[in-house]
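Residue numbers for the sequence shown follow the working numbering, so the first one is 162 and each next one is one higher. Encoded as structure tokens, the structure appears first; notes follow it.
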Amino acid sequence: MPVQTKNTESANAESAVGASQQQSQQRKFVYDFSEGNKDLKDLLGGKGANLAEMTNLGLPVPPGFTITTEACKAYLDSGEAPAALRDEVSRHLAALEERMAKKLGQADDPLLVSVRSGAKFSMPGMMDTVLNIGLSDESVHGLAAQSGDERFAWDSYRRLIQMFGDTVLGIDGERFSETLDEVKSARAAVTDVDLTADDLKELVQKFKAIVSEETGRDFPQDPREQMDLAVRAVFDSWNGNRARLYRRQERIPHDLGTAVNICSMVFGNLGPDSGTGVAFTRDPASGQQGVYGDYLQNAQGEDVVAGIRNTVPLADLEQLDKASYDQLMQIMETLENHYRDLCDIEFTIERGKLWMLQTRVGKRTAAAAFRIATQLVDQGLIDEAEALQRVNGTQLAQLMFPRFDSNGGLKGADQIGWGIAASPGAAVGKAVFDSYTAIKWSRSGEKVILIRRETNPDDLDGMLAAEGILTSRGGKTSHAAVVARGMGKTCVCGAEELEVDTKGRCLKSQDGRIVEEGDVVSIDGSTGKVYAGEVPVVPSPVVEYFEGRTHAGADEADELVQAVHRIMAYADRVRRLRVRANADNAEDAARARRFGAQGIGLCRTEHMFLGERRELVERLILADTEEERERALGALLPLQQGDFVELFESMDGLPVTVRLLDPPLHEFLPDITELSVRVALAESRKDANENDLRLLQAVHRLHEQNPMLGLRGVRLGLVIPGLFTMQIRAIAEAAAARKAGGGDPRAEIMIPLVGTVQELELVREEAEQVITEVEQRHSVELGLTLGTMIELPRAALTADQLAECADFFSFGTNDLTQTVWAFSRDDVEASFFTAYLEKGIFGVSPFETIDKDGVGSLVRSAAEAGRATRPDLKLGVCGEHGGDPESVHFFHEVGLDYVSCSPFRIPVARLEAGRAAAAQQHASA
């Protein structure tokens, strides 16, 4: 083999660099609408991919092209657009100009384009759009001449300057809005369309003056400069505050980037034979089939979404322009059958010609999601497995929230207005009139209703903080409605009869009544009604179904209940994970069983020692002699036994996992400060209480700097003689009593906070002796099993050893998260978690959704190691992660046998367990 010289090495290195540059240059950054399809959302974004799909279907789409997400990511990484991008855009622009037979910004007949964002996942209103790119002081006259409508041309120009100034140049949009309002007021114009061409010329000059004043430069007259700056602004908007907040809320990754769609303009503001609208192939609020949407004559698209002018129902279009209406209905049917789902459509009519500007699978309310999924199954468009993927546990949880009581609770309710039912649900809270106040009050524990004339993307923080949103303008496709539906927030829009005074911070009804900030209001997103004061709520029909008080097969059964029942039944048929409940008493256990629980995964015995029984625990802690300790334990034994008898009866025939006492004993004693003051006051009165003195000594003796990592769990059982023995005996005696009564108790004894196998061995040996003694005395075989919680990193890392001594593992992911992260949950959530979420360190709290890379890695490795030692080892999870939708999918993936969660979350866990199984089957197929 020849020796490689330094010159050869240098040449090879240069060649490698050159190849890398060439590869970057060869990468395609721009696609014509005719080149893509709906499956290229990663590259073209949702909007670009769907524009391409509609083009391929032969639908009327204005010509244009898409700049890819790869270009955006390259720009965000380096701060500069890829070197090849400008030339590639120029080639596609030239092709577009040739097709349209005019050039961008041409003086006598200008080609105008829109520059719109379009990420893989829909982020309504969160990123930037600029319309009418290409207009200038010169080309506005050409547009006027070609259109034969001078007013239209100047209206289009003022819109460009307003949107460009706000979006691209960073000028406060209020400056333009206030100037527009001043001109309208001076001309006694009610709406924008009442302004004349001369009024709009004046407005353009005022807007240009604002640009010069705010930026120190004139409004750009070069159309290519306008387009390039707009593209850069769309790229930058991906990392804008509102976009990042929305992605955190919706759990959308931050590294996807956005595509940019450059589309030839079509105009809905050319007169009464033009307009713009948004349509849905089904009602996104209820799921009902029909004609749903909004239309606005003589307007551009942002007028509909912004809610600045109130729209008319889409059905009215049939009377205004029947030909366009009929064509739109055909297109809507085509798109729904093609996408096999509810479609959200944006369209413009330009002098009687219909153009499709966008389609996407539409956002919908939780109720609509379940109804639509089953409707599409009945239509033969999707199967049950696909229907299961069309809904999720978060939506099911929303359906379980209360609603207003229509059978009496609304009698006497003080209705003050009525708007459009934009997003269903019942919301009650104090009226606030800006996002800042909504956030501030909600952080103080207040429930608030955010009231605005219309919302815009800057209101997102306040919308997240509020219980519901009320606006006096806009329709079902306004910003407030679309975002609220996506978040599952109750929303009423377009309550025109209510006058919202944001400066005066009040709401005025038609009959003169005033709702001040801080007054309680109630809004019904299912009917659109608005009430002063608090309206009573009742359980949702879905909860009534889970409780067994209504039946899906009954004649009077709600359509929504029937849809939920069908999907839940399918989820139960396909899921592998069993679902248990975290329940500590018979009442919770019975409710959990009605909700579909297949046992109890966590019974916290410490909750049985509260109330009047606390005094018995105090006696145990204060015991100085073995005799005193035995008396205290003897008093607790029958009480514990009675608790377990009731629990086993409620869950007869199903497993019940009982965790032995876990928290440190000082939690059962009085607060050290309160007790010290009590003793000091008594001593000052020379009236000292001997028991209080002994309690204070015990509190001092048991005080720990970090009790979470101190004397608790298995350590208590090993240090305090007889404590665990009493609990195990109570479990065994209760099981024997249930057996004698003809029951089928299936108790599992769980030892908490184990860190080493020696701890487990000592407790197990003692437990087996007690169980054997009870079995022999009652001549019965109880079949009790013993296992441990995995809630310490060391336990997870030595799972192979623990499995030799355990019949089951239950992952206590709450404490495991605390110990892996070195977090005290109560402390960190109140101190720095908000900052961590805002800075993007967390996408979501690790206490809410399992940290797959850290905590999840330990769960996975412990499960594998435990099963390698003992193949029949039963594995479950009993932290609240067991009811979190995303976490349930992870637990399915790592092979756990069951999840356990609070009773109310059981239906959610059942649904998500089914979805996880169906998704795995689909992936393997």
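The beta carbon of each residue, even a glycine, is placed where N, CA and C say it ideally should be.
Asked, Found
"Nearest-angstrom Cβ-Cβ length linking Pro-702 and Pro-563, presumed shorter than 8 Å", "With 8 Å as the limit, Pro-702 and Pro-563 do not qualify as a contact, their Cβ atoms being about 11 Å apart."
"Same chain only: Cβ atoms within 7 Å of Ser-837, ignoring 5 sequence neighbours per side", "Leu-857"
"Contact set for His-1053: own chain, Cβ-Cβ below 6 Å, skip 5 residues either direction", "Leu-738 and Ala-1077"
"Start and end residues, beta strand (DSSP E) containing Ala-121", "Coverage of the chain is limited to positions 162 through 1086, which leaves residue 121 absent and any answer about it impossible."
"Cβ contact check for the region 1050 to 1067 and the region 538 to 547: 3 or more pairs under 8 Å", "no"
"Simplified DSSP assignment, three categories, for Ala-613", "Note that residue 613 is Arg in the sequence shown, not Ala. Arg-613: strand per DSSP, three-state reduction."
"Cβ pair Ile-932, Ala-967 closer than 8 Å", "no"
"Beta strand (DSSP E) segments (min. 3 residues) lying fully within the region 991 to 1022", "none"
"Whole alpha helix (DSSP H) elements within the region 689 to 727, 4-residue minimum", "702 to 708"
"Strand pairing of Asn-422, partner residues [DSSP]", "Thr-227 and Arg-277"
"Simplified DSSP assignment, three categories, for Pro-474", "strand"
"Under 8 Å between C-beta atoms of Gly-266 and Asn-422", "no"
"Host alpha helix (DSSP H) of Arg-532 (start-end)", "527 to 539"
"Terminal residues of the alpha helix (DSSP H) in which Thr-959 lies", "It is not in any alpha helix (DSSP H) - Thr-959 carries neither H nor E in the DSSP assignment."
"Proximity winner among Ile-761, Arg-736 and Gly-580, relative to Glu-748 (alpha-carbon distances)", "Ile-761"
"Limits of the alpha helix (DSSP H) - the one that Leu-763 falls within", "Run containing Leu-763: none in the alpha helix (DSSP H); it sits in the beta strand (DSSP E), 761 to 765."
"Any 3 or more C-beta pairs closer than 8 Å across the region 551 to 559 and the region 305 to 322", "no"
"Beta carbon of Ala-742 nearer than 8 Å to that of Ala-730", "no"
"Own chain, CB closer than 7 Å to Arg-925, minus 5 neighbours either side, in chain order", "Leu-947 and Cys-966"
"Beta strand (DSSP E) segment containing Val-589, residue limits", "587 to 593"
"Beta-carbon proximity of Ala-391 to Val-276, cut-off 8 Å", "yes"
"Cβ neighbour criterion (16 or more within 10 Å) applied to Ala-476", "exposed"
"Start-to-end residues for the beta strand (DSSP E) that takes in Lys-669", "667 to 669"
"Exposed unless 16 or more other CB atoms sit within 10 angstroms - verdict on Asp-487", "exposed"
"Per-residue burial, Arg-674 [other beta carbons within 10 Å of its own, 16 or more giving buried]", "exposed"
"Rounded distance between the beta-carbons of Thr-290 and Leu-330, thought under 8 Å", "About 15 Å; that fails the 8 Å criterion."
"Thr-419 burial status per 10 Å Cβ neighbour count (16 or more: buried)", "buried"
"Beta bridge counterpart(s) of Glu-511 as assigned by DSSP", "Lys-514"
"Secondary structure of Gln-802, DSSP reduced to three states", "helix"
"Exposed unless 16 or more other CB atoms sit within 10 angstroms - verdict on Ile-492", "buried"
"Segment limits, alpha helix (DSSP H) that includes Asp-147", "The structure shown does not extend to residue 147, since the chain is modelled only from 162 to 1086, so the question has no answer here."
"Boundaries (first-last residue) of the alpha helix (DSSP H) holding Ile-782", "775 to 783"
"Buried versus exposed call for Asn-498 [16 or more other C-beta atoms within 10 Å across all chains shown]", "exposed"
"For His-415 and Lys-199, the rounded distance between their alpha carbons", "22 Å"
"Simplified DSSP state of Arg-986, which is helix, strand or coil", "helix"
"Selected residue, minimal CA-CA separation from Leu-478, among Glu-494, Glu-463, Asn-459 and Leu-496", "Asn-459"
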